[in-house]
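Here the structure comes first, spelled out in structure tokens, and everything after it is commentary.
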Amino acid sequence: MRQRIQAKKQTTPKPLPAPPKSCEKYKKVSPVIDTGPNVRKRQAALELIKQYYHVRADELFRRIKAATLVTLVVEVARLQQEVGSAAPPPPPPAYKDADHEKRADLQSLVEGTGELSLSAGDAPAAPAPPSIDDQPYLLLDVRERADFEREHIVTARHYPAARLARTMNYETAEMWRYKRSPDALVVVYDEDEATAQRCATTLAQRGYDNVFILSGGLKVARRKFPQGLLTSGDRDRFTAADIEALSVALDTFYTTIESPRGAASSRSSRSVHSSDLRAARPATKSTTMDGPRWKL
1 MRQRIQAKKQ TTPKPLPAPP KSCEKYKKVS PVIDTGPNVR KRQAALELIK
51 QYYHVRADEL FRRIKAATLV TLVVEVARLQ QEVGSAAPPP PPPAYKDADH
101 EKRADLQSLV EGTGELSLSA GDAPAAPAPP SIDDQPYLLL DVRERADFER
151 EHIVTARHYP AARLARTMNY ETAEMWRYKR SPDALVVVYD EDEATAQRCA
201 TTLAQRGYDN VFILSGGLKV ARRKFPQGLL TSGDRDRFTA ADIEALSVAL
251 DTFYTTIESP RGAASSRSSR SVHSSDLRAA RPATKSTTMD GPRWKL
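The sequence shown begins at 1 in full-length UniProt numbering and counts up by one.
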């Protein structure tokens, strides 16, 4: 009997020791030594991605990262400055005397024309919208009007999401022009991708093959580029100060990615945010190119 009890005691495995209790005092202290990629870092990166990016497997549109969009904006703005500085100044307006005006005669009164001043044609015309060659991207802000007036990306156009509920006249003249161009982009954005995904899906179903959404929305763009990208006024182009601030932010962003620590932490995020446009660091040396640098 004793032998059976002893044999049973010897064959019974010992229970595993209980895991040590975590100390609440040092719970938020991160390790100083970087041991490379591991499961804990991978889970932290995925949680951060889920917090700011809402990626789905059945998306009909494509995505563009904030760094890629800013790179495109900087390149286009620099080309506009180069072309504007090389263009000749406009001729001065011709002087006209106020006495030389066409007065209404009997024939004009009969025809219902009335008085017509020759200086009426000298009124300043409304500025023409930028052409696709000058600006190969169209930014559509699908938030509410109050949010758009409070803060939006420079050169963006307000396009309410409710307008897509129409069966006719749901697109503007600018959207029609950019839809027909194979080298142009239509970028839809909002605060956190909630409304932009629905709008981009509807536009893709209605024939927009070049529609993109801004990954992360303004929430991510505001954190990465706090200066030079957003404005509260009605500006149709970036200033030299904006381009300088965005260039400095781009250099800092790419320097962080190219460092060993930044490369290890951003490896998982680069695999998730897929886009046909890859964020390329702007070249420091001037290169000669046959066509525009922003073409796909």
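Cβ coordinates follow ideal geometry from the N, Cα and C atoms, glycine included.
Given the structure is predicted, the values throughout are model-derived calculations rather than measurements.
Beta carbon of residue i nearer than 7 Å to that of residue j
| i | j | result |
| --- | --- | --- |
| L229 | E191 | no |
| A66 | V220 | yes |
| E151 | S232 | yes |
| L60 | A194 | no |
| S215 | V74 | no |
| D236 | T155 | yes |
Span separating the alpha-carbon of residue i from that of residue j
| i | j | result |
| --- | --- | --- |
| L48 | Y26 | 22 Å |
| P13 | V29 | 37 Å |
| R56 | T201 | 12 Å |
| T255 | A249 | 10 Å |
| D251 | R222 | 16 Å |
| S181 | D134 | 13 Å |
| V142 | D183 | 23 Å |
| Q81 | L72 | 14 Å |
| residue 299 | L69 | Only positions 1 to 296 of the chain appear in the structure, and residue 299 is not among them; the question remains open. |
| R62 | P15 | 53 Å |
| K41 | D58 | 27 Å |
| E171 | Y178 | 11 Å |
| P20 | V39 | 20 Å |
Among the options, the one whose alpha carbon lies nearest that of residue i
| i | options | result |
| --- | --- | --- |
| N169 | E193, T155, R206 and Q197 | R206 |
| P226 | R235, F253, Y208 and K41 | F253 |
| V76 | S22, P136 and P20 | P136 |
| I64 | F238, R198, V186 and T239 | V186 |
| V211 | L140, F238 and T167 | L140 |
Segment limits, alpha helix (DSSP H) that includes residue i
| i | result |
| --- | --- |
| V134 | It should be pointed out that residue 134 corresponds to Asp in this sequence rather than to Val. No alpha helix (DSSP H) holds D134; DSSP gives it neither H nor E. |
| I33 | Per DSSP, I33 belongs to no alpha helix (DSSP H) and is neither H nor E. |
| F148 | R145 to R150 |
| residue 303 | Within the shown structure, residues of the chain are numbered from 1 to 296, placing residue 303 beyond reach of any answer. |
| K50 | V39 to Y52 |
| Y178 | A173 to K179 |
| A156 | Run containing A156: none; DSSP gives neither H nor E here. |
| Q227 | Element bounds for Q227: n/a, residue is neither H nor E. |
Endpoints, the beta strand (DSSP E) within which residue i is located
| i | result |
| --- | --- |
| K187 | A quick correction: the sequence has Val, not Lys, at residue 187. L185 to Y189 is the extent of the beta strand (DSSP E) around V187. |
| R62 | R62 to I64 |
| V211 | V211 to L214 |
contact_flag[the stretch 180 to 198, the stretch 28 to 46] where n(CB pairs < 8 Å) is 3 or more: Segment contact: the stretch 180 to 198 against the stretch 28 to 46, fewer than three CB-CB distances shorter than 8 Å; contact not assigned.
Contact the stretch 158 to 167 vs the stretch 226 to 243: 3+ CB pairs below 8 Å: For the pair of segments examined, the stretch 158 to 167 was found not to touch the stretch 226 to 243: the number of CB pairs separated by less than 8 Å stays below three.
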